[in-house]
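Heads up: the protein sequence lines correspond to chains A and B, in order. The opening position of the first sequence corresponds to residue 1 in UniProt numbering, with each subsequent residue numbered one higher. The opening position of the second sequence corresponds to residue 1 in UniProt numbering, with each subsequent residue numbered one higher. A short write-up of the structure that comes next.
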Amino acid sequence: MVKVNVKWNKEKYEVDVDPSEPVSSFKGQLYSLTMVPIERQKIMGFKGGILKDDAQWKDLDLTEGKNLMLMGSAVELEKPDKPIVFLEDLPPSKAAALNSLLPAGLTNLGNTCYLNSTLQCLKTVPELLTIIKNYKPKTNSRYSNLLKSSQGLFNDLSRLHEPVTPSVFLNTFRMCFPRFSEKSPEGLYMQQDAEEAWGELLTAYAHELPLDNANGTDSHSADLIKRSMIGKLFGIQVVEKFTCKDNPEEEPTTREETLLKLACNITVETSYLFDGLKKGLEEEISKASPTLHKDAIYTKKTLIKQLPKYIMVQFVRFHWKDATKTKSKIVRVVQFPFTLDLFDLCTPEYKERLSPNRKRVEDEFNASLERKRKVIGGSGDGNDEDDKQVEKKAAVNNDNQPQSSTSSNDSVSTTGAAVDDDVFFKENETGKYELCAVLTHQGRYAESGHYVAWVKKSENKWYKFDDRDVTEHTDEDIKKLSGGGDFHICYLALYRTLTVKPKSSSTITEQK
Amino acid sequence: MDKSLLTLGLSAIYNHLVIYESEKQNYLGYSFIALEVESFHKRFLQHEQSTNTDFNYINQVEIRTTNIIIKPLNGESFWLQVKESELVKNIKGKIRYKIDLPVRFQTLYYCGKKLEDDHLISDYNITYGSTIHMEIGLKGGGGGTSFIYFINDSFISPSFDYDFTNIKDSIVHSRGSEVYTRPCGWMRFALNINKYNTETDGKTWLGFCNGPNEWLVSYHGTKEESCNPIAMEGYKLSSCSGFAFGVGIYSTPSIDIAKTYGRTFKKDNCHYVIVFQNRVNPKTVIKIDNIQYWISPNDADIRPYGVCIKKV
């Protein structure tokens, strides 16, 4: 490499010249330094006048430190047609337009993520939103203010795309349920249990939303949930049967109850949601026997007598260690399915009611497969690849059923009568449910942590509501919420019923 | 002295991470809350609130009783005998007595509805054989970042720390003309108590020469709501003396009694127990003569003084 000094106008450059490269390469170096196009460059300082492109370095007197002069004008850079605009500089309305694809988050007002995530999960129930929207306040009612602030809040969540600050709702919520106003000795609002917030909200809604045909409801009636619209949406009617193990001849006794959720008990052997649910519904208990006149062991078995439209499942992830007087969190991995079948947990009578619909689902599935095969057969192709494609399409069709169910729910009418008819429609239930929301707890202690809501938007598309931040995720991300470590762990799961098409449609199909 | 022993002990009793202020740089992305002596002490001073419930449970003659089923969500159901018109908070007291779960962790539900403490169970139509579901909850609320407690020189007074580990007392010590059992075998960390020095009393409550305003020395445990078990134990011991247990804050002049209610924790494969050392107002304290329990009427009559830690 030979160093030469190039002077151009008032600038001086020190350039390394490679004698093994052609002269045009040297001119390219000057172009990158000065922006003078190669065809405009006139380089003087060598014997023989201006440096020519076809010259050879060996014919020139190239020496270290030689002074050269460059003549020529630089190219003016083209200015952009319009100035660059940054996202942060946009006015808020335009910035919101870019984010309009994402729904609104909720601002954390001081340890309130338990409430924010609960509300985002409740928002996935369009029937509930419709009922709350049509609510007419009663005078001097205990929770009417809560219903009114719920109307405002859910309206904002549906309409806006910027984070919503739920301060009005939070104040009303804390007035109705003083426990959530609890403060630590340091003066901060304490963290709370999201499942407790969920239960309190549903109980308050049940109090304000009785069925139209119900008479005056006692505020503390045991049937409050059962005889309300909330009971139709979330109430699970169960039958408890007590059988004496010590005296098989004793007549079993039964009791009926309404639950707002199913509990998944987690032990060292629990790995799947269904196992945990089953364990919570069967157990042994010691109680006084009327025939033996002493304490006896009873088997208590709980069966589902009536299923609602939505099922809330709670993964019981807290534990009280009696030995050390410590409250701890269970982080064990418990797999939960995207489709939950509760048929085996029902009473025999209820199973008989569900069986025809379940058979129809199977028939439709088989008919769909058969039709696909006929089409393939008609086209003359019978190879394995086509068969696999048929199966794949059939699976896709099966997955489309939730879509039709979801769309039918979204088209709920705004009139009260239509709402009642649609909400309470029961003839096509199957006992199967699809996952539509997950509420997770992050942190390794039972007394503190962070709650996040994950809501299903469409096929393989989920929204993560981390207080005010909303992001998109896929089914694979939801599977990671099963538990283990410090990641988000599923605490509550909301399932929506899967239904079969009404009989009339089936009849029309048969006629065709 | 080794501060990590103290911070680990505090982490155990708070069930949350507690660090010393200089360690903040090791925890990026967290928010920090400073512990204060007064609120710290209050957290573990539990007033006796359900005395009547607990004691009457032992002695009461059952009238018009019924039986209900308590179903802990993550435990075995059990049968509980209750009155037909009993307060919900009394039910919680009985549950605590049966499975030793603090009342403040209990949330009871019947038919999906939460039971309020100040209502009767008959208000909810709870009858023979009804199943009441109980939960203890999973707390959350952090704004996306976890928080960590820390202590600094506003919390402790290292110059007054004292190592009693290898000391055995051969003479009797006293404070406020009362026998002072020094914490021999324990490591004592002093708390910063300057805010308790008032205009009138100054530091006389801290004296050690039996002056007129000198306060007594006592201890109490650090387990959750450990005062209630002290009260229960005290009741059993005092039943033959006819003493009526009152409402107040319980502590003991014997550090060995307090030790049984102290939280244990682990450090370097060794187990330790942690208890509090207090100064008690002699003008208001009630002493039960035949047993070593003291009762102070309210928070202002018992002041934090030190934290004692011992290897077990």
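Even glycine gets a Cβ: it sits at the ideal position worked out from N, Cα and C.
Cα-Cα separation, residue i to residue j
i	j	result
S296/B	N278/B	11 Å
H133/B	K71/B	5 Å
V307/B	F276/B	5 Å
N125/B	V88/B	12 Å
D118/B	S141/A	20 Å
W57/A	P22/A	8 Å
residue 368/B	I478/A	Nothing about residue 368/B can be reported from this structure: the residues present for chain B run from 1 to 312 only.
I132/A	V273/B	54 Å
L122/A	F154/A	9 Å
T258/A	K113/B	10 Å
K12/A	D54/A	25 Å
A367/A	T347/A	30 Å
T430/A	L260/A	19 Å
S177/B	W215/B	9 Å
Y27/B	R182/B	38 Å
T131/B	S228/A	21 Å
L8/B	F105/B	24 Å
E391/A	R371/A	With a pLDDT of only 39 at E391/A, under 50, the local geometry of the prediction cannot be trusted, and no value is derived from it.
D193/A	K374/A	55 Å
G276/A	I266/A	6 Å
K359/A	K327/A	46 Å
N152/B	L6/B	12 Å
Q29/A	P19/A	13 Å
Which of helix, strand or coil DSSP assigns to residue i
i	result
G231/A	helix
T34/A	helix
R279/B	strand
C244/A	strand
I309/B	strand
P356/A	helix
residue 529/A	Absent from the model: residue 529/A. The displayed extent of chain A is 1 to 512, so no value can be given.
V172/B	coil
S254/B	coil
A55/A	coil
M1/A	coil
C209/B	coil
W294/B	strand
F154/A	helix
S448/A	coil
N67/B	strand
E208/A	helix
K114/B	strand
Under 8 Å between C-beta atoms of residue i and residue j
i	j	result
A296/A	G280/A	no
S122/B	E84/B	yes
K98/B	L80/B	yes
P252/A	K245/A	no
I136/B	W198/A	no
V334/A	F315/A	yes
E208/A	Y135/A	yes
T254/A	L170/A	no
R188/B	D169/B	no
E283/A	S77/B	yes
V452/A	Y463/A	no
L70/A	V6/A	yes
Cross-strand partners of residue i (DSSP beta bridge)
i	result
residue 328/B	Since the displayed chain B opens at 1 and closes at 312, residue 328/B lies outside it and no answer follows.
K12/A	K7/A
W462/A	K456/A and H473/A
F32/B	I148/B
K301/A	K241/A and E282/A
R373/A	Answer is none; R373/A lacks a bridge partner.
S328/A	H319/A
M44/A	M69/A
M134/B	P72/B and L108/B
I236/A	L259/A
Notebook entry, point to check: Counting pairs of beta carbons, one from the stretch 479-492 of chain A and one from the stretch 165-174 of chain B, are three or more of them closer than 8 Å?
Noted result: Taking a contact to require three or more Cβ pairs closer than 8 Å, the stretch 479-492 of chain A and the stretch 165-174 of chain B do not qualify as touching.
Check whether the stretch 249-267 of chain B and the stretch 2-21 of chain B touch, using three or more Cβ-Cβ pairs below 8 Å as the test.
With a cut-off of 8 Å on Cβ pairs, the stretch 249-267 of chain B is in contact with the stretch 2-21 of chain B, counting three or more such pairs.
Would you call the stretch 285-293 of chain A in contact with the stretch 340-354 of chain A, where contact means no fewer than 3 C-beta pairs closer than 8 Å? Segments in contact, no.
- [ ] Could you say if the stretch 432-443 of chain A and the stretch 488-502 of chain A meet the contact criterion of at least three C-beta pairs nearer than 8 Å?
- [x] Touching, yes.
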